[in-house]
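Worksheet: the structure to be examined is printed underneath.
Given below as structure tokens:
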């Protein structure tokens, strides 16, 4: 049975019906939860908030919800590949392509990015002694735009089919006529809307870190997580616009029938350039914050300052710098010839140098330290060998001649899961265990945490290690089946088992959240782990009025040095004059207008798109005329407190 | 911050507009990448003309000189408006900002006229990748001019209704960066698309 829906149709087959039922059940559950447990006014307050901590928590919650969806997709993929010549449910052919595309797109844009931006929102202002981000309203808008983009990509399955051209959306495959048009439009509009939010986040964080540091917090006194985040947002600022431009052109091809990327007269390779000029820096965007985070955690639980602080910062900058000049290594097999390939192979291998510096610095930070092993530290230590393996396979695929063998094989799938899951996801788990008290005022249960870590680590290696050998044995990416005589059954089956162990491990983490919420001591001390950096001087959870008077920073580890000297941290003499902005519902409404406009463009229904666009500009205008009413001045008049940046 | 010293005496509050200025500088950095990509697309596809006209057949230099001059002039008139605000001369600011806005809309009028002429000749977006690249590049710039001109209308409203307050000062300082940037992009479009294109240099 199929229902016509604008220019497409919704085929009601078992998986789509399952999707609708789960949406209805989850929606009803959310409604019940909000009405009976949370109260609508709490939700209303969170929807309008411009507070960086609340927005950070919302990023983490939304990112985690998308993580479950992307994980479910991964399990479907692994089920389909568990046996040779196997038909699992409906996930063959087109449905398999949709599932694997949604998995990749979701995991990169709506899991890795928001989880990291969430941690940045939670921790960066606390680490540098800022009252909030520089533009709190824009921060809220960024969050709602990300959520809108994520929602668009995720509902595509129920409204006529998901994008199916892979997360790279290569043209001409992604241009109408070669694959499902509305699906590709969902990809384009969803990424465009969330991308606008991400660019705004980058602007916001750069201005915050440059302008809003506490007195005495010089650049080289910032904790390394803040450094990693700083470099990341700079990368976002220059990488995401390339994707925005590429998607704009893709949209024109799909909606207005231009010929930018079509095969006959356009330039399909142009898309690959735009995509990878964005997507290679993206790889560093999602790993540099966790590099910084691991530095902080390892130093913290080794009871030592981080080894080679300056070289850590320089390595971050070098990785970011080199990250922009390696994009063609994704296109070695395109045929640009040995000179181009050699240049990009060398620049790629150069990245191993700063990364190696970081690895050795982490090891030397631990050397001779007084080590403790809470879950956050376990994830950090588990990350080091995992990431080294991902790095080694990275150098392997950087060698052009060898890459002709690896290209588009499961070897590459194994490689990037080692760096992304082993780097980003383990980093995010470490960050959540580490900063849980700052967010909610309680620690997560350590026993469950340790089980979570070990099951995750074992499941992870079981899933992704065999993929290297599948690739070497000739299994290509993005195929939904293989033959018994291919000799790939054993490896695939082990990988599927590993995927289920990882799935169970993530459920265990959910259980830990609920269990700890019920049993752990609330409002524990501000410094439960004998910390070193500024965020641990605040109570747990961090109060909404974080700094009455700003702290005065005299060294890189203000809390640790103060504790050693037996003194209290020094604070400014009075509250400096600063502007505060009230909460606002405009970001949510703007996101709604973006959703409406995107919906119209996706189905090429312009009587929906045009009101959406009018709504966007009307809300911007409304924001402009009401801005003065929505701000308030706090603190004492005078230059002494607030003039420290000169 | 020498430039804010005069203003802080107007509204009697110590403040700095530097956050907004830096934010706008960064936003311009992102916009620069977008325009670089669109320039690259235009140049890469400039020979894919199919049945449609090529650059030297359709692009002409003389008709574009006047709108170019108007847009460049608008950067100067805006500068005068900004100086007026700095000196606390509200009337001067409103007049010169108004002139800037009129110049922006005049430029848009010329651009719409140019596009309709091309369309009448059958040179539309879907005709060839070259024309698509041309319309998307020049059109994106035009959209920026439109956005900026409407933005100026709002700035004029703010100035007229609230006299000089610090929010208006920081609004205009941030807008100034945007407007000059849009102008600079036009300099590149003028040179690369119109001058080189009409001479058949690619």
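Residue numbers (this note's numbering), protein chains in the order written: chain F, 2 to 647; chain X, 251 to 452.
All C-beta atoms in this analysis are idealised placements derived from N, C-alpha and C, irrespective of residue type, glycine included.
CB of residue i within 8 Å of CB of residue j, strictly
i                      : j                      : result
residue 129 of chain F : residue 168 of chain F : no
residue 139 of chain F : residue 201 of chain F : yes
residue 571 of chain F : residue 634 of chain F : no
residue 243 of chain F : residue 302 of chain F : no
residue 489 of chain F : residue 471 of chain F : yes
residue 27 of chain F  : residue 35 of chain F  : no
residue 554 of chain F : residue 217 of chain F : yes
residue 648 of chain F : residue 23 of chain F  : The structure shown does not extend to residue 648 of chain F, since chain F is modelled only from 2 to 647, so the question has no answer here.
residue 379 of chain X : residue 325 of chain X : no
residue 454 of chain F : residue 521 of chain F : no
residue 273 of chain X : residue 135 of chain F : yes
Proximal residues to residue i (C-beta, below 6 Å), its chain only, five neighbours per side dropped
i                      : result
residue 220 of chain F : none
residue 588 of chain F : 141, 142, 145
residue 148 of chain F : 63
residue 261 of chain X : The predicted position of residue 261 of chain X is uncertain, since its pLDDT is 43 and thus under 50; a value taken from the coordinates is nonetheless stated next. Closer than 6 Å at Cβ, skipping near neighbours: 415, 416.
residue 544 of chain F : none
residue 640 of chain F : At residue 640 of chain F, the pLDDT of 43 sits below 50, so the modelled position is not reliable and the matter cannot be decided from this model.
residue 510 of chain F : 453
Span separating the alpha-carbon of residue i from that of residue j
i                      : j                      : result
residue 467 of chain F : residue 600 of chain F : 41 Å
residue 152 of chain F : residue 191 of chain F : 8 Å
residue 46 of chain F  : residue 585 of chain F : 9 Å
residue 297 of chain F : residue 369 of chain F : 17 Å
residue 81 of chain F  : residue 477 of chain F : 15 Å
residue 179 of chain F : residue 263 of chain F : 10 Å
residue 566 of chain F : residue 550 of chain F : 22 Å
residue 226 of chain F : residue 123 of chain F : 12 Å
residue 433 of chain F : residue 475 of chain F : 39 Å
residue 236 of chain F : residue 283 of chain X : 12 Å
residue 264 of chain X : residue 416 of chain X : Any reading at residue 264 of chain X must be qualified, since the residue scores a pLDDT of 41, below 50, and its modelled position is unreliable; the value itself is stated next. Going from the Cα of residue 264 of chain X to the Cα of residue 416 of chain X covers about 9 Å.
residue 400 of chain X : residue 50 of chain F  : 29 Å
residue 172 of chain F : residue 188 of chain F : 13 Å
residue 277 of chain F : residue 37 of chain F  : 47 Å
residue 165 of chain F : residue 174 of chain F : 9 Å
residue 279 of chain X : residue 591 of chain F : 24 Å
residue 335 of chain F : residue 394 of chain X : 36 Å
residue 61 of chain F  : residue 438 of chain F : 15 Å
residue 461 of chain F : residue 359 of chain F : 23 Å
residue 394 of chain F : residue 416 of chain F : 6 Å
residue 291 of chain F : residue 517 of chain F : 24 Å
residue 6 of chain F   : residue 154 of chain F : 17 Å
residue 431 of chain F : residue 377 of chain F : 4 Å
residue 339 of chain X : residue 421 of chain X : 16 Å
residue 348 of chain F : residue 357 of chain F : 15 Å
Contacts around residue i, its chain only, beta-carbon distance under 8 Å, and the 5 residues preceding and following it disregarded
i                      : result
residue 355 of chain F : 315, 316, 317, 319, 320, 323
residue 21 of chain F  : 159
residue 507 of chain F : 68, 69, 72, 457
residue 131 of chain F : 125, 209, 213, 214, 215
residue 420 of chain F : 284, 288, 388, 391, 392, 395
residue 418 of chain X : 335, 405, 408, 409, 412
Own chain residues within Cβ distance below 7 Å of residue i, not counting five before or after
i                      : result
residue 384 of chain F : 295, 423, 424, 427, 428
residue 504 of chain F : 72, 76
residue 493 of chain F : 82, 83, 471
residue 331 of chain X : 343, 346, 347, 350
residue 308 of chain F : 362, 365, 366
Residue i: first and last residue of the uninterrupted alpha helix (DSSP H) it sits in
i                      : result
residue 6 of chain F   : Run containing residue 6 of chain F: none in the alpha helix (DSSP H); it sits in the beta strand (DSSP E), 3 to 6.
residue 227 of chain F : 225 to 256
residue 281 of chain X : 268 to 294
residue 402 of chain X : 379 to 412
residue 416 of chain F : 411 to 420
residue 519 of chain F : 490 to 520
Any C-beta of chain A under 8 Å from that of residue i
i                      : result
residue 448 of chain X : Although the question refers to chain A, the structure presented lacks it and instead comprises the protein chains F and X.
Element boundaries [beta strand (DSSP E), containing residue i]
i                      : result
residue 635 of chain F : 632 to 635
residue 568 of chain F : It is not in any beta strand (DSSP E) - residue 568 of chain F carries neither H nor E in the DSSP assignment.
residue 10 of chain F  : 9 to 12
residue 581 of chain F : 579 to 582
Contained beta strand (DSSP E) runs [length at least 3] in the stretch 82 to 156 of chain F, N- to C-terminal order = none
key: Inside the stretch 349 to 395 of chain F only - beta strand (DSSP E) runs reaching at least 3 residues   = none
query = Quick one: complete alpha helix (DSSP H) runs, 4+ long, within the stretch 423 to 467 of chain F?
reply = Listed in chain order, the complete alpha helix (DSSP H) runs (minimum 4 residues) inside the stretch 423 to 467 of chain F are 427 to 441.
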